[in-house]
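Q:
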Amino acid sequence: MRKALICPTKYVQGEDEILNLGYFVKTYGESALLITHPDDVQRVKDKLDKTAEKFGVKFVSSGFQGECSRQEVARLQELAKEQNCSCTIGLGGGKAIDTAKCVAEGDALIIVPTIAATDAPTSHSAVLYTPDGAFDDYAYFKQSPSVILIDTTVIANAPVRFLVSGMGDALSTYFEARANVQSFTKVNAGLPCGYREGLCGEARGTKAAFALATLCYESLLEDGVKAKMACEENVVTQALENIIETNILLSGIGFESGGLAAAHAIHDGLTILEGTHKYFHGEKVAFGTIAQLVLENAPMEEILEVLEFCKAVGLPVCLEDIGVDTITDEELIEVAEKACIPEESIYAMPFPITVESVAAAIKAADTLGKNFKKGLLG
């Protein structure tokens, strides 16, 4: 039996940690290609200037154009060669981070998230788009980023909604990993082959990955509300430190080496509904988690625990919370069909999946959430 776990080489987080970014650049050489949005640069410019001076390194401005496209990746790879950059830094949100992953192709990569909205920073994969923003393809690399460097002061000063969305993404981690354990399904930690080929080999999750996924859920319940309150006040507390680690590291390793299941597949299905487009990934995944629990007929006590958590931190519990005030039976079937395409993670569930059963779970989860909001449950 083949098992696998993939994770970043180094994970460091703390207050004002960007002041140490130059140290990590110095381990590779004298200069780094800095891929970031101009707004994110302005948020941390003083720290970047100080760390560059302290460690004697140079940050090469990339002129990042905001989209993780093949054309932009090729341009930045050429720029890195011209400037003799020793490493690549992705600083900011998802598009900058994914672009940096594609430019580095698994080598000498430093990721510096400025928000804790998803678990993507730790992963060895990225999403490619066309120059006008349409989905293109997934990219996989030989290893996860070399360094994840998180300045918790920066996270604390980002909008609270990002942190809460990250908790929504992390919420699914344990339940999806549990489904993979029960179904003995392969996980996304095999051997990458490049942009289009996907994974060379199949592997099952390790006990270590499932332990981290379990800890991810426990940490959310213990510190989620306290972390949100700290972020609302733009202060770093131990609870906020714990949730940043939960959203990025525990959830990141938990999803990639523990596996995805119905929650993320249902998220993908929901994206066909126009009303959901203004909602974040983690917000939609939170509702997908509730739908997964209904799909697997989880104990009511467990469903109520998840609903209570979502209410406490401000995550969606029904379709109207993600912009879907009404939905026809035909639309519901379309959502379920997209969630059930052959390559989706929903088939990691430990029982047969049908479009009809998924549609029924989404509808029932919506009703559960609405009744919960009215105080009719619990």
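Taking our numbering, the leading residue of the sequence shown gets 1066, the next gets one more, and so forth. The C-beta atom is built at its ideal place from N, Cα and C for all residues, glycine as well. It should be emphasised that the depicted structure is a prediction, and the values quoted were computed from it without experimental measurement.
Would you identify the three-state DSSP class for Gly1347, choosing helix, strand or coil?
A: As a working note, residue 1347 is residue 282 in the sequence shown. Gly1347: helix per DSSP, three-state reduction.
Q: To the nearest angstrom, report how far apart Gly1159 and Val1290 are at their CA atoms.
A: Translated into the one-based positions of the sequence shown, residue 1159 becomes position 94. Translated into the one-based positions of the sequence shown, residue 1290 becomes position 225. Looking at the two C-alpha atoms, the distance is approximately 24 Å.
Q: Residues in the same chain with beta-carbon distance under 6 Å from Lys1166, minus the five sequence neighbours each way, listed in chain order, please.
A: In the sequence shown, residue 1166 corresponds to position 101, counting from 1. So the list reads Ala1191, once near-sequence residues are dropped.
Q: Would you kindly work out how many angstroms separate the C-alpha atoms of Ile1215 and Val1106, rounded to a whole number?
A: Locating residue 1215 in the sequence shown gives position 150, counting from the first residue. Locating residue 1106 in the sequence shown gives position 41, counting from the first residue. If you take the alpha carbons of Ile1215 and Val1106, they lie about 15 Å apart.
Q: Pairing CB atoms from the segment 1326-1337 with CB atoms from the segment 1190-1210, are three or more of them under 8 Å?
A: With a cut-off of 8 Å, the segment 1190-1210 and the segment 1326-1337 do not count as touching, because too few Cβ pairs lie within range.
Q: Report all residues from its chain with a CB closer than 6 Å to the CB of Pro1073; omit the five preceding and five following residues, and keep chain order.
A: The residue you call residue 1073 lines up with position 8 of the sequence shown. So the qualifying residues of the chain are Thr1187, Ser1209, Pro1210 and Ile1213.
Q: Could you give the distance in angstroms between the alpha-carbon of Thr1271 and the alpha-carbon of Val1301?
A: Along the sequence shown, read from residue 1 onward, the residue named residue 1271 stands at position 206. Along the sequence shown, read from residue 1 onward, the residue named residue 1301 stands at position 236. The alpha-carbon atoms of Thr1271 and Val1301 are separated by roughly 33 Å.
Q: Using a Cβ cut-off of 8 Å (strictly closer), state whether Phe1275 contacts chain B.
A: Among the chains in the structure shown there is no chain B, since it carries only a single protein chain.
Q: Give the DSSP-derived three-state secondary structure of Val1228 in the structure shown.
A: Translated into positions along the sequence shown, residue 1228 becomes position 163. One detail in the question is off: residue 1228 reads as Leu in this sequence, not Val. Helix at Leu1228.
Q: Report the rounded CA-to-CA distance for Phe1129 versus Asp1104, giving the unit in angstroms.
A: Working through the sequence shown from its first residue, we reach residue 1129 at position 64. Working through the sequence shown from its first residue, we reach residue 1104 at position 39. Going from the Cα of Phe1129 to the Cα of Asp1104 covers about 11 Å.
Q: Could you pull the start and end residues of the alpha helix (DSSP H) that Tyr1088 belongs to?
A: Reading the sequence shown from its first residue, position 23 is the one you call residue 1088. Here the alpha helix (DSSP H) through Tyr1088 covers Leu1086 to Lys1091.
Q: Exposed or buried, Gly1157, counting other C-beta atoms within 10 Å across all chains shown (16 or more means buried)?
A: Stepping through the sequence shown from its first residue, residue 1157 is reached at position 92. Gly1157 comes out buried.
Q: Return the residue from the list Val1138, Gly1087 and Pro1178 that minimises the CA-CA distance to Ser1151.
A: The residue labelled residue 1151 in the question sits at position 86 within the sequence shown. The option with the nearest alpha carbon to Ser1151 is Gly1087.
Q: CB-CB under 6 Å to Glu1262, same chain, minus the five flanking residues each way: which ones, in chain order?
A: For the purposes of this step, residue 1262 is taken as the residue at position 197 of the sequence shown. Because Glu1262 sits at a pLDDT of 43, beneath the cut-off of 50, its placement in the model cannot be relied upon, and the point is left open.
Q: May I ask which residues mark the beginning and end of the beta strand (DSSP E) holding Tyr1076?
A: Taking the sequence shown and counting its residues from 1, the one referred to as residue 1076 is at position 11. Tyr1076 -> beta strand (DSSP E) spans Lys1075 to Gly1079.
Q: Following the continuous alpha helix (DSSP H) through Gly1317, name the residue where it begins and the one where it ends.
A: Mapped onto the sequence shown, residue 1317 falls at position 252. Per DSSP, Gly1317 belongs to the alpha helix (DSSP H) from Ser1316 to Gly1323.
Q: Can you tell which of Leu1305, Thr1311 and Ala1173 has its C-alpha closest to the C-alpha of Ala1278?
A: Counting from 1 along the sequence shown, the entry for residue 1278 is found at position 213. Among Leu1305, Thr1311 and Ala1173, the Cα nearest to that of Ala1278 is on Thr1311.
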